[in-house]
């Protein structure tokens, strides 16, 4: 009887985790919003507060006893009881479902951004536009004081957008690969008309460090209702890099693994430090913080405008499956918005935008009509 009752609970919690993972990989859909929809927001925060020095040392002690001392059965029971008492088993099930969703959807998101940029960003634009309603409704007071922080947040977002030009990042990386390609020119081999060389150095040390910072900042946003961690990654110019690394896990490339390890370390550090800091600030300066977050979302609409100026690189050097390849006439998007000419691309983008609005209307309605 108990096994029958536990089975639906496990499936339900894994599915909730899958939804959280889906929310965190799609810009505009907030993981914090889903925590509220599932009525587990306070429960998850309570679990995170249990991750402290005393519990970490106790858990490591149990692991040490299990590995190096006798009485392994008692040690196993102690570990299980510790995880159950602090609700870490529930958190583990949520995280398992979320990781499955992120790995499964990362390749899809990468494909959509590369091959259907305008349509994909139009969907994101619709999701964000409607999700602004969430922090608006969560404001306790609406006055000019609030307006100041909204403008400040929007200004900060637009400043970051101008500072992080995705085309410049692509161009710089291509130049690094080109230098490696030329340096090893004498060792090149012809393979089916494409020149390739074995190489290393997909990421620089700065990029590994930046991935760590982005992980810490993004996880702090993920826990807040209405703010999307993926949106933060877009604003920091790291979204495509992260989903590319995740989708590249199937090749077990060590550089992707190291990059994601840095990102995950940032998530852990941010989850333990920055998230508590953000939560403390939210408690003390609730209206100002929510207004600032709203401003970030308003400003992000500029970054998510579906029609960007694109530049075609006659020769772009990329790294694929451990080798450097020369790709001809590669289209890369800048951070400069354009007014599109009417055509099929605009119509498809408009339909995608409407779909994004409808999806977010559903979730906003669920959250505030409970």
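Residue numbers (this note's numbering): 25 to 394. Heads up, the beta-carbon is just placed ideally off N, CA and C, and yes, glycines get one too.
Taking the beta strand (DSSP E) that residue i falls in, what are its first and last residues?
| i | result |
| --- | --- |
| residue 188 | Run containing residue 188: none; DSSP gives neither H nor E here. |
| residue 348 | 347-361 |
Whose CA, out of the options, lies closest to the CA of residue i?
| i | options | result |
| --- | --- | --- |
| residue 291 | 241, 317, 277, 310 | 241 |
| residue 159 | 335, 311, 347 | 311 |
| residue 193 | 94, 353, 114, 358 | 358 |
| residue 335 | 190, 143, 252 | 190 |
| residue 232 | 253, 289, 383, 116 | 289 |
| residue 176 | 296, 317, 330, 136 | 317 |
| residue 306 | 162, 134, 156, 93 | 162 |
| residue 104 | 93, 116, 155 | 116 |
| residue 72 | 296, 386, 368 | 296 |
| residue 107 | 131, 93, 127, 75 | 75 |
| residue 199 | 180, 227, 184, 186 | 227 |
| residue 333 | 326, 356, 350 | 356 |
| residue 253 | 371, 126, 166 | 126 |
| residue 83 | 100, 69, 67, 94 | 100 |
| residue 70 | 114, 135, 369 | 114 |
| residue 207 | 348, 167, 309 | 348 |
Near residue i, which residues of its chain fall below 7 angstroms by C-beta distance, leaving aside the five closest residues on each side in sequence?
| i | result |
| --- | --- |
| residue 266 | 257, 287 |
| residue 237 | 290 |
| residue 79 | 110 |
| residue 202 | 341 |
| residue 280 | 269, 272, 273 |
| residue 102 | 86 |
| residue 261 | 188, 190, 193 |
| residue 143 | 372, 373, 376 |
| residue 210 | Because the pLDDT of residue 210 is 48, which lies under 50, any placement of that residue in the model is unreliable, and the question is left without a value. |
| residue 141 | 357 |
| residue 284 | 269, 270 |
Excluding the 5 residues flanking residue i on each side, which residues of the same chain have their C-beta closer than 6 angstroms to its C-beta?
| i | result |
| --- | --- |
| residue 315 | 170, 173, 174 |
| residue 121 | 38, 41, 42 |
| residue 146 | 330, 373, 376, 377 |
| residue 165 | 311 |
| residue 282 | none |
| residue 354 | 337, 340 |
| residue 134 | 267, 268, 271 |
Label residue i either buried or exposed according to how many other C-beta atoms from any shown protein chain fall within 10 Å of its C-beta, with 16 as the threshold for buried.
| i | result |
| --- | --- |
| residue 46 | buried |
| residue 263 | buried |
| residue 98 | exposed |
| residue 339 | exposed |
| residue 366 | exposed |
| residue 48 | buried |
| residue 269 | buried |
| residue 234 | buried |
| residue 187 | exposed |
| residue 35 | exposed |
| residue 138 | exposed |
| residue 239 | buried |
| residue 205 | buried |
| residue 58 | buried |
| residue 152 | buried |
| residue 313 | buried |
| residue 382 | exposed |
| residue 132 | exposed |
| residue 243 | buried |
| residue 197 | buried |
| residue 68 | buried |
| residue 55 | buried |
| residue 301 | exposed |
| residue 62 | buried |
Is it true that the CB of residue j sits closer than 9 angstroms to the CB of residue i?
| i | j | result |
| --- | --- | --- |
| residue 255 | residue 328 | yes |
| residue 273 | residue 320 | no |
| residue 384 | residue 150 | yes |
| residue 154 | residue 380 | yes |
| residue 129 | residue 44 | no |
| residue 50 | residue 148 | yes |
| residue 323 | residue 179 | yes |
| residue 123 | residue 388 | no |
Are the C-beta of residue i and some C-beta of chain B separated by less than 9 angstroms?
| i | result |
| --- | --- |
| residue 128 | Protein chain content of the structure displayed is limited to a single chain, and chain B is not contained in it. |
Tell me which residue opens and which closes the alpha helix (DSSP H) that residue i is part of.
| i | result |
| --- | --- |
| residue 63 | Segment: none, residue 63 is in no alpha helix (DSSP H) and carries neither H nor E. |
| residue 331 | Careful: residue 331 lies outside any alpha helix (DSSP H) and carries neither H nor E. |
| residue 144 | 141-155 |
| residue 280 | 278-293 |
| residue 89 | 77-92 |
| residue 98 | 96-109 |
| residue 259 | 253-259 |
| residue 270 | 263-271 |
What residues in its chain sit with their C-beta under 8 angstroms from that of residue i, if we drop five residues either side in the sequence?
| i | result |
| --- | --- |
| residue 21 | Look at the range of the chain in this structure, 25 to 394, and you will see that residue 21 is not part of it. |
| residue 326 | 181, 182, 185, 361 |
| residue 33 | none |
| residue 90 | 96, 99, 100, 103 |
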